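In the working numbering, the protein residues as written are 1215 to 1486.
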């Protein structure tokens, strides 16, 4: 029964998205991703290469909104699957896994990532997967799992650079707890090296073109993006994750912070 819950969560999530996603027409950014992907490169002015390649790949057999939106649906299903595994890894049972999945599905911001092609869709699956692998290492799993962590982080970097902040948050959380001993393993350095190697082609492309992404971010910060204060940011956290479902993750955060093995995850959230 326990082993079936993650698969059931993934299947339900996939089916719901496959049914709902095609009811909305092509989003303008999706058309841009498709065009970029039809001109393969190690990088682009405003993004790494993974999202454009996935978008263009979904259209190899002709224009299909269904196939395009199947891409984020798969990542959403992967996110639901890993959410269940995290609940089990943290000591929860079937009820905890189902509740965690419901909170995942209720979060409007996460559902938007799973509803259309964009750089954030990859994080639905890969960010929690990296956290799961680190948690297993902390709990005594083979330290060679750091290779898997590095691979996941490296691939995620090929979709969106902000995973660097997530990775640094995990490292800071570990450094602030006794679980920092996991960082002393040579396999940690091996995993970090793998992440660098996977992401290196894109960083080389950025360097060769004068780091256009840095200029884009600077321009956005100077006149486009809203800078939210602490109060507004906290309110947005509640709003984006669904006001009615927010008690679930708030209690979950408190639980993480009050249990030694998982405290580093709570710290990682607060640091981010």
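Built from N, CA and C at the ideal position, the CB exists for glycine as well. This one's a predicted model, so the numbers in the text were calculated from it and none came from an experiment.
Which value, in whole angstroms, describes the spacing of the CA atoms of residue i and residue j?
i, j, result
"residue 1353", "residue 1419", "38 Å"
"residue 1276", "residue 1266", "16 Å"
"residue 1389", "residue 1416", "29 Å"
"residue 1250", "residue 1469", "43 Å"
"residue 1407", "residue 1237", "42 Å"
"residue 1340", "residue 1350", "15 Å"
"residue 1321", "residue 1459", "7 Å"
"residue 1376", "residue 1222", "30 Å"
I believe residue i touches residue j by the beta-carbon criterion, under 8 Å. Please report the beta-carbon distance rounded to the nearest angstrom.
i, j, result
"residue 1331", "residue 1454", "Not quite, the Cβ-Cβ distance comes to about 20 Å (not below 8 Å), so this is no contact."
"residue 1338", "residue 1287", "Rounded, the Cβ-Cβ distance is 10 Å, inconsistent with contact."
"residue 1272", "residue 1264", "About 13 Å separates the two Cβ atoms, so there is no contact after all."
"residue 1474", "residue 1386", "17 Å between Cβ atoms; not a contact."
"residue 1342", "residue 1374", "Rounded, the Cβ-Cβ distance is 15 Å, inconsistent with contact."
Using 10 angstroms around the beta-carbon of residue i, count the other beta-carbons present and answer buried if the total reaches 16, otherwise exposed.
i, result
"residue 1372", "buried"
"residue 1278", "exposed"
"residue 1296", "buried"
"residue 1359", "buried"
"residue 1217", "exposed"
"residue 1356", "exposed"
"residue 1464", "exposed"
"residue 1325", "buried"
"residue 1443", "exposed"
"residue 1300", "buried"
"residue 1450", "exposed"
"residue 1231", "buried"
"residue 1327", "buried"
"residue 1379", "exposed"
Which residue wins for smallest C-alpha separation from residue i, given the options the options?
i, options, result
"residue 1362", "1422, 1402, 1239", "1402"
"residue 1431", "1239, 1228, 1260, 1227", "1260"
"residue 1234", "1255, 1257, 1224, 1284", "1284"
"residue 1307", "1377, 1220, 1474, 1465", "1220"
"residue 1370", "1262, 1244, 1232, 1458", "1262"
"residue 1294", "1393, 1427, 1317, 1422", "1317"
"residue 1395", "1478, 1245, 1247", "1478"
"residue 1448", "1292, 1484, 1344", "1484"
Looking at the ligand GDP, does it come within less than 8 Å of residue i, judged from the CB to the closest heavy atom?
i, result
"residue 1392", "The model depicted lacks the ligand GDP and carries no ligand whatsoever."
### Query
Which ranges does the alpha helix (DSSP H) cover as unbroken runs of at least 4 residues, wholly within the region 1356-1441, from first to last along the chain?
1359-1371, 1377-1389, 1400-1422, 1426-1437
### Task
Return the chain-ordered ranges of every alpha helix (DSSP H) run that is complete within the region 1304-1340 and spans a minimum of 4 residues.
1308-1320, 1322-1327
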